[in-house]
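Read through the structure below, which is laid out as structure tokens, and then see the notes.
As structure tokens, then:
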């Protein structure tokens with residue numbers, strides 16, 4: 002077990018007071034920590050927890066001057082430092098040995114890298130390609146001619162349908178569906194005839210996609226998730242959507258067909274975007290917003306319809322005072338006789 | 002088949018008129034019932050159905066005085082009584098015999114109770130523990146060192162990832178993901194580095210979780226679902242969330258990271274909660290609400306931002322009359338010249 | 002490869018200018034097309050793409066008079082014509098040969114049509130019925146006594162629980178859950194006792210259901226999805242809901258228990274409906290709307306609470322001018338002294 006002094010070195014921190022030789026048993030939250038554990042103080046809202054924590058040591062900002070019973074380690078960024086400290090306590094990898102589990106069903110025309118792993122009950126269809134070091138979890142399905150890059154991690158029960166392409170170092174969580182059919186019909190006399198969805202999905206390098214998120218294949222061409230983009234759970238990405246690089250898409254967001262999202266965009270939880278619009282680079286869309294028009298680069302909007310955040314806040318204030326406005330108008334009317 | 006008189010005894014009901022010896026063939030809704038079936042009258046909105054029902058018998062409130070062609074059984078709570086009656090008609094259990102299906106893949110270090118059931122194609126990883134009488138459905142996945150208590154029911158295709166803990170008598174519906182990674186990144190120069198999520202999920206006794214709901218594991222420590230809490234389908238519970246006991250979380254709700262929910266809280270469908278807030282005991286949050294601040298115990302709020310329900314209703318009325326307010330102001334301006 | 006002239010005949014189109022003998026290599030979007038491909042011009046928003054497309058040919062409306070470097074084929078409905086053209090390029094079917102994969106687990110009392118397909122790792126329980134020509138994808142689960150009609154396509158990892166009934170030509174996408182328990186409890190002293198959900202789900206002919214959508218079984222009787230209705234991804238249909246024929250239910254919609262939807266209804270993305278209400282035939286409900294009352298046939302509503310679309314738009318304008326209204330009232334007050 003590492004000591005306080007060792008961990009301080011690891012995170013380039015100072016511990017001006019307290020016993021550096023104390024052994025640390027693991028990481029924990031301030032409120033939950035047991036004696037011997039280390040925690041961090043990353044936000045003023047946890048000041049009360051800091052005062053009463055039972056943690057042996059706490060990572061605090063360089064300019065910290067508050068009270069705590071724990072040994073303080075002063076660092077530049079307590080949250081980032083805690084991530085590094087946490088890494089010291091991650092149990093030895095659970096990763097199974099490379100190879101194909103005997104219960105998996107793998108078509109003989111599939112190409113599986115020698116050091117890839119295919120776990121129990123997985124199904125790999127004809128002509129699929131699995132890259133070097135990639136892990137295909139238990140019960141996953143990789144469709145015909147789908148291609149997974151190198152060093153990917155598919156948690157159990159992920160679906161990648163036929164002809165879809167996944168880059169390198171991609172993490173797909175359980176229940177993710179890549180390549181389900183887009184929702185497209187030709188409607189005649191009220192009846193809906195299916196439009197074939199013959200495109201695919203391309204997922205860029207270093208993307209992570211959360212549990213039970215669905216990404217529909219394109220009507221033709223491809224639905225695209227740009228490099229480095231991170232998508233949370235239960236998100237819906239419709240057919241032919243293009244998402245740029247290094248975006249953050251939070252849980253339960255829905256993006257309709259053919260909409261294009263720039264780079265470094267952030268979309269907060271439960272927001273919805275109509276189809277066929279464009280969102281500029283570095284735009285930020287607030288939670289539960291409903292977007293039905295193009296959005297300028299760097300715009301920060303909230304609401305439905307969305308408004309710039311300052312305007313949105315003023316709008317809330319106006320609504321809260323609306324009862325008073327009615328009273329004021331009534332008074333004016335009474336005066337006017 | 003039970004008779005009307007027998008069922009009346011079962012539910013502590015009276016049937017002052019009608020033939021108690023009539024045999025009842027099964028339960029049904031008022032509008033759908035076929036001759037011989039029993040139904041119930043639980044809400045005035047079904048009064049029209051009650052008049053025309055073909056049911057042989059109907060459970061009605063003690064003070065019922067309406068018209069119906071069916072034999073009435075008067076009871077304290079028609080809906081609760083109907084649940085009891087329904088129990089008489091549930092077909093003999095479909096539960097498979099205890100034991101491990103030969104197609105399941107079970108690590109030899111897993112500990113499976115002798116009377117537990119592991120169905121076809123399931124995967125149980127090393128050191129997992131399955132309690133007495135628990136049923137692990139077809140195609141389920143139980144990760145390394147995960148622990149399921151006694152008398153649980155995992156419907157087919159449920160995922161419980163490594164190190165997560167599930168209490169006794171828990172019901173997990175198909176597609177539930179317990180223990181997917183939390184959505185956490187350190188962002189530098191617009192790029193997102195994954196923060197390891199090394200905590201777990203703890204699900205208390207008597208919890209039920211609906212289809213395709215996802216519960217992320219904690220960054221460290223645990224995400225917690227309190228005893229007796231019931232969660233509907235397609236709900237998103239983020240990392241380090243703590244939900245109290247005996248809560249009701251309706252479909253498509255999203256709760257962001259580290260938020261704490263008290264006991265006996267009700268959250269209606271599609272509501273969203275930001276991270277790091279606290280909701281007091283017995284609070285009620287309306288459908289589609291967006292909550293971004295702490296909430297007092299017993300508060301009843303609706304909207305986004307949420308307002309006490311009375312205020313929210315008055316706000317709706319004010320909005321609907323806003324056109325008139327514009328007209329009134331215009332008239333005042335015209336008078337004022 | 003078909004020529005421009007051949008494709009023009011196929012879609013009943015004219016190509017007054019350009020070389021009809023050019024071979025077409027595949028379909029693509031205007032912006033993405035490579036030389037040799039065919040695209041279509043279906044909406045004015047793509048006029049800029051039309052001018053710069055590298056497509057060899059483009060399907061345009063009969064009255065088209067714009068500029069494009071591509072050979073134009075004039076047709077009645079470019080989008081519909083493109084669907085037909087696309088059909089010429091769909092690769093030969095990936096459908097596996099009929100039969101039961103040796104890794105599937107099929108109860109011997111299940112009845113599987115001779116030309117049906119059961120793919121790898123699927124599980125078919127006792128007394129289930131699989132109709133002629135139906136494909137049950139890899140890892141699917143069909144519960145005890147569930148019935149699938151003819152010519153259905155269950156993509157991998159679909160769940161149909163016990164006693165549910167699926168019509169003919171139904172398409173279920175991956176992660177769909179048909180027949181999970183309804184969310185119903187009797188609450189006493191704050192504790193929730195499960196109400197048995199002993200009904201089923203009936204899915205009509207020609208229905209398509211999107212990825213990770215959940216449809217709960219009825220408390221008693223059935224939850225019903227009418228013939229020809231199309232449901233997108235991540236939708237929640239609660240117990241005892243009745244949806245009519247030929248409806249369109251977009252992604253992430255939630256419909257609460259016992260609500261009844263008429264025929265030809267359209268519900269846009271992320272809308273929510275409370276329980277026990279009725280929506281009339283041909284009604285249209287806008288995105289993110291929250292519906293808590295009955296809706297007339299042919300009504301077109303948006304918002305929460307929903308308003309007729311014209312009124313809703315006027316309401317938005319009024320809100321945007323609310324700051325000015327406050328100023329106007331202040332000015333009136335100042336004048337009034």
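Protein chains in written order, with our numbering: chain U, 2 to 338; chain A, 2 to 338; chain C, 2 to 338. Every residue, glycine too, gets a C-beta built ideally from N, C-alpha and C.
Find the nearest neighbour of residue 357/C within the set 272/C, 192/C and 311/C, judged by alpha-carbon distance. Because chain C spans 2 through 338 in this model, residue 357/C falls outside it and cannot be assessed.
Classify residue 15/C as helix, strand or coil using the three-state DSSP reduction. strand
Tell me, which residues are paired with residue 314/U by DSSP? None, per the DSSP bridge assignment.
So, are the CB atoms of residue 104/C and residue 127/C less than 9 angstroms apart? no
Distance between residue 114/A and residue 98/A (C-alpha atoms, nearest Å): 13 angstroms
Following the continuous beta strand (DSSP E) through residue 76/U, name the residue where it begins and the one where it ends. 72–76
Residue of 229/U, 231/U and 278/U minimising C-alpha distance to residue 241/U: 278/U
The region 191–209 of chain A contacting the region 196–205 of chain C, beta-carbon criterion three pairs below 8 angstroms: no
C-alpha distance - residue 179/C paired with residue 212/A, whole-angstrom precision: 10 angstroms
Looking only at its chain, what residues have a beta carbon closer than 8 angstroms to the beta carbon of residue 270/C, apart from the 5 residues adjacent to it on each side? 233, 251, 252, 253, 254, 288 and 289
Indicate whether at least one CB of chain U lies closer than 9 angstroms to the CB of residue 321/A. no
Supposed contact pair residue 149/C and residue 161/C - C-beta distance, whole angstroms, cut 8 angstroms: 7 angstroms
Quick one: does residue 192/U have its CB under 9 angstroms from some CB of chain C? yes
Pairwise C-alpha distance: residue 309/C and residue 227/A: 42 angstroms
Nearest neighbour of residue 101/U, chosen from 176/U, 248/U, 12/U and 124/U [CA to CA]: 124/U
With distances taken between CB atoms, is the gap from residue 151/C to residue 138/C smaller than 9 angstroms? no
Going by CA-CA distance only, name the one from 116/U, 144/U and 146/U that's closest to residue 132/U. 116/U
Inter-stretch contact (C-beta, 8 angstroms, three-pair minimum) for the region 8–18 of chain U and the region 69–76 of chain U: yes
In chain U, which residues lie with their C-beta within 9 angstroms of the C-beta of residue 231/C? 184, 186, 193 and 195
If you follow the alpha helix (DSSP H) that residue 80/C is part of, which residue opens it and which one closes it? 79–88
Could you confirm whether any beta carbon from chain U is found closer than 9 angstroms to the beta carbon of residue 3/A? no
Is it the case that the Cβ atoms of residue 85/A and residue 182/C are separated by a distance below 9 angstroms? no
Would you call residue 336/U buried or exposed, if buried means 16 or more other Cβ atoms sit within 10 Å of its Cβ? exposed
Which chain C residues sit within Cβ distance under 9 angstroms of residue 334/A? 329, 332 and 333
Determine the DSSP secondary structure at residue 7/A, reduced to helix, strand or coil. helix
Partner residues on chain D for residue 142/U, Cβ-Cβ distance less than 7 angstroms: Looking at the structure shown, chain D is missing, and the protein chains on hand are U, A and C.
For residue 303/A, which of 268/A, 332/A and 276/A has the nearest alpha-carbon? 268/A
Spatial neighbours of residue 1/A in its chain, beta-carbon cut-off 6 angstroms, leaving aside the 5 residues before and after: With chain A covering only 2 through 338, there is no way to say anything about residue 1/A.
Near residue 87/U, what residues of its chain come up, given a Cβ to Cβ distance below 7 angstroms and the 5 sequence neighbours on each side ignored? 28
Does residue 235/U come within less than 9 angstroms of chain C when only Cβ atoms are used? yes
Of the listed residues 229/U, 191/U, 176/U and 221/U, nearest to residue 214/C (C-alpha basis): 176/U
So is residue 79/C in contact with chain U if we call contact Cβ pairs under 9 angstroms? no
By the three-class DSSP mapping on this structure, what secondary structure does residue 346/A have? Chain A is shown from 2 up to 338; residue 346/A falls before or after that span and cannot be answered.
Using a C-beta to C-beta distance shorter than 9 angstroms, which residues of chain C count as neighbours of residue 275/U? 269, 270 and 288
Give me whichever residues DSSP pairs with residue 187/U in a beta bridge. 194/U
Cβ-based neighbour list, residue 4/A, same chain, cut-off 8 angstroms, excluding 5 preceding and 5 following: 21, 22, 23, 24 and 25
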